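One structure is given below, encoded as structure tokens.
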Amino acid sequence: MDRMFELMDEPHEIQDKKGAHELTRARGDIAFDHVSFKYDPDGSEILHDVNFTVKAGETVAFVGMSGGGKSTIVNLIPRFYEVSEGAVRIDGHDVRDVTVKSLREQIGLVLQDTILFSDTIRENILMGQPNATEEQMIAAAKAANAHDFIVSLPQGYDTTVGERGVKLSGGQKQRVAIARVFLKNPAILVLDEATSALDLESESLIQESVEKLAADRTTIMIAHRLSTITHADRIIVISHGKVIEQGTHQQLLRQQSAYYDLYKIQNLTI
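Per full-length UniProt numbering, residue 1 is the first one in the sequence shown, and the count goes up by one each step.
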């Protein structure tokens with residue numbers, strides 16, 4: 001899993017500050033405290049004065065039009081970038097005050113563009129927990145609805161996936177990535193458009209495994225299809241880098257504002 005984070009972090013390497021401490025056994029509380037962000041110091045703000053809290057174990061979904069700042073928010077949680085103003089806190093700790101490695105050990109990522117390495121399925125899953133037993137690895141694959149397709153392959157778990165998983169379908173790659181996170185068992189789960197590019201059958205399998213994965217842990221979701229996030233404890237609507245409304249699915253529908261309009265655009269029954 002460290003290799004995956006390193007790959008994503010290459011263009012903008014984040015260094016530990018002097019005296020940074022380890023973040024261990026995180027509960028999973030998250031707070032954005034007056035967070036503003038620019039990719040370029042001389043550029044325009046991508047996020048402006050964003051404030052929200054997520055309690056340990058909550059599932060919170062972020063929705064809004066493309067380019068509104070949703071993915072930037074999830075990139076700030078594992079500290080792929082530094083905030084321009086304000087602070088991101090995990091369990092009350094400013095993420096700049098803890099070591100990057102220990103912070104990212106508490107976070108599991110499932111992204112639209114799944115990152116697999118040119119290795120075997122076994123090794124890709126074991127990146128979640130390199131010291132796991134065979135039984136633990138298989139249990140994680142079963143939880144991710146991946147075991148059956150893996151054992152149907154001629155080489156099973158020893159099948160090489162090719163560069164970035166090119167030998168697997170999109171749905172198969174996602175299930176391997178989810179198995180990796182099951183094995184890691186992080187306090188915080190981040191799902192960024194995890195099912196948006198899949199066919200309906202694959203989406204159904206992955207949605208089922210994602211719901212199991214999200215149980216009893218803090219879960220941050222970004223989804224284009226609003227039908228996949230109606231169960232969230234809270235939905236936060238982002239527009240032009242600002243939080244414009246938040247509440248449960250039913251609360252936001254009753255307000256008949258931005259979320260209501262997004263829901264109607266997708267021709268969903270209200």
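Each residue gets a CB set at the ideal place from its N, CA and C atoms; glycine is no exception. Predicted, not measured: the structure shown is a model, and the values here were computed from it.
Three-state secondary structure (DSSP) of residue i
i: residue 251; result: helix
i: residue 108; result: strand
i: residue 148; result: helix
i: residue 16; result: coil
i: residue 192; result: strand
Contact check, residue i vs residue j, beta carbons under 7 Å
i: residue 84; j: residue 38; result: yes
i: residue 192; j: residue 222; result: yes
i: residue 209; j: residue 144; result: yes
i: residue 26; j: residue 113; result: no
i: residue 246; j: residue 234; result: yes
i: residue 102; j: residue 22; result: yes
i: residue 110; j: residue 178; result: yes
i: residue 87; j: residue 94; result: yes
i: residue 239; j: residue 67; result: no
i: residue 189; j: residue 108; result: yes
i: residue 31; j: residue 232; result: no
i: residue 70; j: residue 64; result: yes
i: residue 243; j: residue 74; result: no
i: residue 183; j: residue 140; result: yes
i: residue 176; j: residue 138; result: no
i: residue 180; j: residue 265; result: no
Residue i versus residue j: straight-line alpha-carbon distance, rounded
i: residue 78; j: residue 186; result: 12 Å
i: residue 34; j: residue 41; result: 17 Å
i: residue 220; j: residue 52; result: 12 Å
i: residue 7; j: residue 168; result: Note on residue 7: pLDDT 48, under 50, position unreliable in the model; the coordinate value appears next. Each residue's alpha carbon lies about 20 Å from the other.
i: residue 166; j: residue 205; result: 20 Å
i: residue 15; j: residue 100; result: 7 Å
i: residue 150; j: residue 218; result: 29 Å
i: residue 135; j: residue 250; result: 42 Å
heavy atom of the ligand ATP below 6 Å from residue i C-beta
i: residue 81; result: The ligand ATP is not part of this structure, which contains no ligands at all.
What are the complete beta strand (DSSP E) segments, minimum 3 residues, inside the segment 202 to 258? 218 to 222, 234 to 239 and 242 to 247, all fully within the segment 202 to 258.
Report the start-end ranges of each beta strand (DSSP E) in the segment 21 to 93 that is 3 residues or longer and not cut off at the edges. As summarised for the segment 21 to 93, the continuous beta strand (DSSP E) elements at least 3 residues long and confined to that stretch are 30 to 37, 47 to 54, 59 to 63 and 85 to 90, given in chain order.
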